[in-house]
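Each residue of the sequence shown is one higher than the one before, starting from 1 at the first, in the numbering used here. Note that beta-carbon positions come from the ideal geometry of N, C-alpha and C, so glycine has one too. This structure is a prediction, so every number in the text was calculated from the model and none was measured.
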Amino acid sequence: MKDGNYIEFHGIKSKYDTPQILSELQDNNAIKYQNIKQETLAYYNSKIEEFKALDKNKSEYLSDAIKSIDDRFVFCYDDKVILGA
């Protein structure tokens, strides 16, 4: 949650980086975390395909969850992305 210039982050504490919002990153960091986000979404999309045969409800739930990913709500730190919509 962003309040002014203060980010209140409720997640696993970073060992190295301060969590930053993806839409506010620039240059190499922006490219790096956009790539990590794309890899993460590709992984989720592969799981959606798996679930289509095993559990249609899971497939639909996960598909709906990642449709609305918005870079303004994606937190980046320690070479990880926390997806938000």
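Check	Outcome
Tell me the DSSP secondary structure of Tyr61 in three-state form.	helix
Give me, in chain order, the residues of the same chain whose beta-carbon lies closer than 6 angstroms to that of Ile63; leave out the 5 immediate sequence neighbours on both sides.	One point to set straight first is that residue 63 is Ser, not Ile, in the sequence displayed. So the list reads Ile48, once near-sequence residues are dropped.
Comparing alpha-carbon positions, which option in Asp27, Glu39 and Leu83 lies nearest Phe73?	Leu83
Using a threshold of 9 angstroms, state whether the C-beta atoms of Thr18 and Tyr61 are closer than that.	no
Report the CB separation of Leu25 from Tyr16 in whole angstroms; it is logged as a contact under 8 angstroms.	Between Tyr16 and Leu25 the Cβ distance is about 15 angstroms, and since that is not below 8 angstroms, they are no contact.
Quick check on DSSP: helix, strand or coil for Gln26?	coil
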